[in-house]
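Colleague: Here it is, the structure in full.
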Amino acid sequence: MTKDKIEVHCYCGERDKPNMKKFFEDIPMGYCGFCDICGEAGHLQAHPRSPTSGVWCDTHYKELVSYKIFTLGDIIPPLFMFIIVGSFIYNIFTLLC
Ligand SMILES: [Zn+2]
Ligand SMILES: [Zn+2]
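See below:
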């Protein structure tokens with residue numbers, strides 16, 4: 418058993434099954450669904466973190482996988498911007514009053 422290959426479990430393998438013919442009717446070859454976000458052809462697969470499944474195109478699935486909880490590095494720069502812009506606006510208001 419090798420674990421170095423990440424296999425995405427999707428419904429592409431079901432295409433040949435006779436009872437799935439209707440399901441795959443409108444779906445282009447090589448895909449098994451349409452992206453829930455943008456409507457592009459994609460794959461019906463399990464959510465990487467939630468016990469749900471959905472259809473995502475390659476772009477949105479990658480986005481989903483790389484999505485992470487905010488780290489300090491993500492929070493501090495916008496916070497600084499907020500403080501700078503905030504103090505700038507505050508200065509203008511105090512000048513006007
Ligand atoms: Zn697929
Ligand atoms: Zn998409």
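Its first residue numbered 418, the sequence shown is counted upward by one per residue in the working numbering.
Cβ coordinates follow ideal geometry from the N, Cα and C atoms, glycine included.
Locate the beta strand (DSSP E) running through S470, then write down its first and last residues.
Modeller: Numbered from its first residue, the sequence shown carries residue 470 at position 53. First-last of the beta strand (DSSP E) with S470: 470-473.
Colleague: Please tell me whether G459 and Y478 are closer than 8 Å, where the distance is taken between their beta carbons.
Modeller: As a working mapping, residue 459 is identified with position 42 in the sequence shown. As a working mapping, residue 478 is identified with position 61 in the sequence shown. Yes.
Colleague: In the region 426-498, which residue ranges form an unbroken beta strand (DSSP E) of at least 3 residues, counting only runs that do not cross its ends?
Modeller: 458-463, 470-473
Colleague: Thinking just about the alpha-carbon of each residue, which of D453, Y448, I506, I492 is nearest to the one in G374?
Modeller: Residue 374 lies beyond the stretch modelled for the chain, which goes from 418 to 514, so this question has no answer here.
Colleague: Beta-carbon separation of D443 and V472 under 8 Å?
Modeller: Walking along the sequence shown from the start, residue 443 turns up at place 26. Walking along the sequence shown from the start, residue 472 turns up at place 55. Result no, Cβ atoms of D443 and V472 do not sit closer than 8 Å.
Colleague: State yes or no: is the C-beta of C474 nearer than 7 Å to some heavy atom of ligand 1?
Modeller: In the sequence shown, counting from the first residue as 1, residue 474 sits at position 57. Checking the 7 Å criterion, the Cβ of C474 is out of range of every heavy atom belonging to ligand 1.
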